[in-house]
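Chemist: Quick note: the sequence shown uses numbering that gives the first Met the number 0, first residue 0, plus one each step.
Have a look at this one.
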Amino acid sequence: MTIYVGNLSYRATEADLKAVFTDYGEVTRVELPTDRESGRMRGFAFVDLSDEAHEDVAIAELDGAEWMGRQIRVNKAKPRDESGNRRINRVKKQESFDE
């Protein structure tokens, strides 16, 4: 399972995230996506731990915690679709034709 970490400080590094999540188990991967044009971090990351039970504890303890001056969101990442993109649940805004 992969953990999604959102609302990150743009100053956060792979080493910072690894240090936090190491408290919950062996970190096997940290991914910090960056903007293709600017190269700037996008404000979220994906983290994998070696044990799924440890991931559940990390999610429970870190979701909503303040870290680097921001309240982070930590939850299970959405699985990737066939094209390799993560699925995003978006609600389409319905236009009203009643005036």
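For every residue, glycine included, the Cβ atom is placed at its ideal position computed from N, Cα and C.
In this text the structure is predicted, and so the values were computed from the model without any measurement.
Could you round the C-beta distance between V4 and K17 to whole angstroms and report it? I think they count as a contact, below 8 Å.
Modeler: The pair is not a contact, with the Cβ atoms about 12 Å apart (cut-off 8 Å).
Chemist: Less than 8 Å between the C-beta atoms of D47 and T33, yes or no?
Modeler: Cβ distance not < 8 Å, so D47 and T33 don't count as in contact.
Chemist: Just curious, the beta strand (DSSP E) that I2 is in, first and last residue?
Modeler: Run containing I2: 2 to 5, per the beta strand (DSSP E) assignment.
Chemist: Going straight from the alpha carbon of W66 to that of D15, what length do you get?
Modeler: Between W66 and D15, the C-alpha separation is close to 10 Å.
Chemist: In the DSSP output, which residue or residues are listed as bridge partners for K75?
Modeler: Bridge partners of K75: I2.
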